[in-house]
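For the sequence shown, the positions run 1401 to 1516 when my numbering is used.
Even for Gly, the Cβ is constructed at its ideal location relative to N, Cα and C.
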Amino acid sequence: MLHQFSVPDITFLGEQDGPAEQRLKEALAVLLRLDATVTRAYLARVIYDGSTSGVMLGLLTDDEEESPKLAEQLGKAFAVLFNTEDHLDIVFLSGELDAEISDACPPFYDRHAGRH
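Written out as structure tokens, the structure is:
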């Protein structure tokens, strides 16, 4: 199930990384390679609305448009991998947000750099 919400203020703290996250990134990269619109993807630790912390998947697409279908596919992969009903927060990045997140962490997927 896909839940959409607006987050006006996101602070990117750094990369979320570890053995479980590496497995997640590998699984997500397989799906991202099948979607020609995704340019870069990041798994970042974040604070949003000044107080709520968590992990967020940031996606930059060629047209900076949201894709509910892609978000649902990635969310399902997360749920299967972690055997959970929890959800993965996903933000489709604008050019401005891409610049901010890239200052905080490297992409785990970059179509143009061959990083996937």
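Presumed contact (8 Å Cβ cut-off) between residue i and residue j, rounded CB distance
{"i": "R1445", "j": "G1414", "result": "5 Å"}
{"i": "L1459", "j": "F1492", "result": "5 Å"}
{"i": "V1455", "j": "Q1416", "result": "5 Å"}
Residues near residue i in its chain [Cβ-Cβ closer than 6 Å; skip 5 each side]
{"i": "L1470", "result": "D1435"}
{"i": "G1450", "result": "none"}
{"i": "E1464", "result": "S1494"}
{"i": "I1410", "result": "V1446 and Y1448"}
Alpha helix (DSSP H) segment containing residue i, residue limits
{"i": "S1502", "result": "G1495 to A1504"}
{"i": "E1415", "result": "No alpha helix (DSSP H) holds E1415; the beta strand (DSSP E) holding it covers I1410 to E1415."}
{"i": "G1418", "result": "That residue, G1418, is in no alpha helix (DSSP H); it is neither H nor E in DSSP."}
{"i": "L1474", "result": "P1468 to F1482"}
With 16 other Cβ atoms within 10 Å as the buried cut-off, status of residue i
{"i": "F1482", "result": "exposed"}
{"i": "G1475", "result": "buried"}
{"i": "A1441", "result": "buried"}
{"i": "R1511", "result": "buried"}
{"i": "T1439", "result": "buried"}
{"i": "Q1422", "result": "exposed"}
Residue i - containing beta strand (DSSP E), residue span
{"i": "F1492", "result": "D1489 to F1492"}
{"i": "E1464", "result": "Run containing E1464: none; DSSP gives neither H nor E here."}
{"i": "L1443", "result": "V1438 to Y1448"}
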